[in-house]
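To keep things clear, I will list the structure first and then write my remarks on it.
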Amino acid sequence: MIIKKSEFTISSPSIARCPSDTKAEYAFIGRSNVGKSSLINMLCNHKGLAKTSAKPGKTLLINHFIINNEWYLVDLPGYGYAKNSKTVRNKLEQMIAQYILQRKQLVNVFVLIDIRHEQQKIDREFVDWLGESNIPFSIIFTKADKLSPSKAKSNALLWMKKLEDRWEALPPYFITSAETKAGKEEVLDYIEQINNTLE
Ligand code: GTP
Ligand code: MG
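Numbering (UniProt numbering), first residue to last: 1 to 199.
This is the structure we're talking about:
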């Protein structure tokens with residue numbers, strides 16, 4: 001799929017303030033600093049579309065980007081940033097949970113995982129929660145440029161394999177880099193496939 005047009009639509013503090021149309025939405029979630037905003041910019045070939053930062057905790061609202069006037073990419077705040085106060089963390093977690101559980105237009109959640117690290121408890125708990133809540137999701141490993149291709153692949157496989165202790169059917173996964181644009185076509189084709197089933 002080719003993204004011809006990508007535009008910022010709105011930042012919302014709750015789903016009540018999200019766009020009121022019924023276009024399909026694909027949300028990006030993961031730990032603070034994992035590369036959600038960078039991935040959105042890479043997929044859209046649009047530098048600066050989503051705001052990125054070397055400092056964690058940049059994205060604090062639900063951000064909608066309209067793609068080809070047809071569907072939305074949604075940039076969510078990261079979870080688990082330890083330097084945020086407990087009050088801020090709780091507020092963000094509630095915002096994310098409300099969006100994921102209640103947003104009818106949401107068709108798929110992409111959970112972003114830094115490919116360099118072993119499976120972290122907070123990510124695993126989030127994935128288990130999505131599974132328990134019957135939310136369709138896929139895994140996107142980010143920052144693959146920081147490892148050799150073979151190490152990136154083995155880390156991703158190991159991470160996925162660990163899910164088997166609890167889950168029978170594993171979600172699709174993608175290995176990406178916002179630097180090299182690796183995985184771009186695969187992720188976009190996957191979105192296109194889902195979009196085609198919705199028509
Ligand atoms: P929050 O909004 O704070 O939750 O962060 P985020 O998940 O949106 O991360 P963001 O895209 O702002 O990226 C965080 C940092 O990681 C920035 O310094 C990016 O340049 C860097 N980064 C993101 N993706 C990649 C990647 O694929 N490769 C490399 N090398 N760096 C990346
Ligand atoms: Mg961000």
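For every residue, glycine included, the Cβ atom is placed at its ideal position computed from N, Cα and C.
Among the options, the one whose alpha carbon lies nearest that of residue i
i, options, result
"leucine 76", "Lys83, Glu70, Lys91, Thr180", "Lys91"
"glutamate 38", "Lys23, Thr176, Gln94", "With the sequence shown as reference, residue 38 is identified as serine, and glutamate is not the correct amino acid for it. Selected option, being the one with the closest Cα: Thr176."
"isoleucine 2", "Leu198, Leu60, Gln193", "Gln193"
"isoleucine 113", "Lys121, Lys51, Lys23", "Lys121"
"lysine 143", "Glu168, Gly131, Glu179, Glu132", "Glu179"
"isoleucine 135", "Ser11, Ala27, Lys58", "Ala27"
"glutamine 105", "Lys184, Cys18, Ile40", "Cys18"
"lysine 55", "Ser150, Asn33, Asp165, Leu61", "Asn33"
"methionine 160", "Arg89, Lys184, Arg124", "Arg124"
"glutamate 132", "Arg31, Ala97, Leu73, Ser148", "Ala97"
"glutamate 7", "Leu73, Thr59, Ala152, Ser85", "Leu73"
"glycine 30", "Leu188, Lys58, Trp71", "Lys58"
"serine 14", "Leu188, Gly80, Arg103, Ser53", "Arg103"
"isoleucine 62", "Asp145, Phe141, Glu168, Glu93", "Glu93"
"proline 172", "Phe126, Ile40, Phe137, Ser12", "Phe137"
Distance between beta carbons of residue j and residue i, contact taken as under 8 Å
i, j, result
"isoleucine 100", "valine 111", "Incorrect: roughly 11 Å between the Cβ atoms, too far for contact."
"isoleucine 191", "alanine 156", "19 Å between Cβ atoms; not a contact."
"phenylalanine 174", "glutamate 164", "So it is not a contact: roughly 19 Å between Cβ atoms."
"glutamine 119", "lysine 162", "5 Å"
Counted within 10 angstroms of its Cβ, other Cβ atoms place residue i as buried (16 or more) or exposed
i, result
"serine 20", "exposed"
"lysine 4", "exposed"
"histidine 117", "exposed"
"asparagine 196", "exposed"
"leucine 198", "exposed"
"glutamine 128", "Reading off the sequence, residue 128 comes out as aspartate, not glutamine. Label assigned to aspartate 128: exposed."
"threonine 22", "exposed"
"glycine 78", "buried"
"serine 166", "Looking at the sequence shown, residue 166 is not serine but arginine. Label assigned to arginine 166: exposed."
"glycine 48", "exposed"
"leucine 158", "exposed"
"threonine 87", "exposed"
"leucine 170", "exposed"
"glutamate 25", "buried"
"alanine 16", "exposed"
"lysine 36", "buried"
"lysine 151", "exposed"
"lysine 184", "buried"
Run through the segment 131 to 163 for me and flag every whole alpha helix (DSSP H) of 4 or more residues, listed as ranges in chain order.
Under the rule that a run must span 4 or more residues, the alpha helix (DSSP H) segments found entirely inside the segment 131 to 163 read 149 to 162.
Return the chain-ordered ranges of every beta strand (DSSP E) run that is complete within the segment 24 to 60 and spans a minimum of 3 residues.
Scanning the segment 24 to 60 for uninterrupted beta strand (DSSP E) segments of 3 residues or longer gives 25 to 30, listed from N- to C-terminal end.
Across the segment 63 to 74 and the segment 38 to 54, are there enough close Cβ pairs to call them in contact, namely three or more that are closer than 8 Å?
Yes, the segment 63 to 74 touches the segment 38 to 54.
Inside the segment 65 to 119 only - alpha helix (DSSP H) runs reaching at least 4 residues
86 to 102
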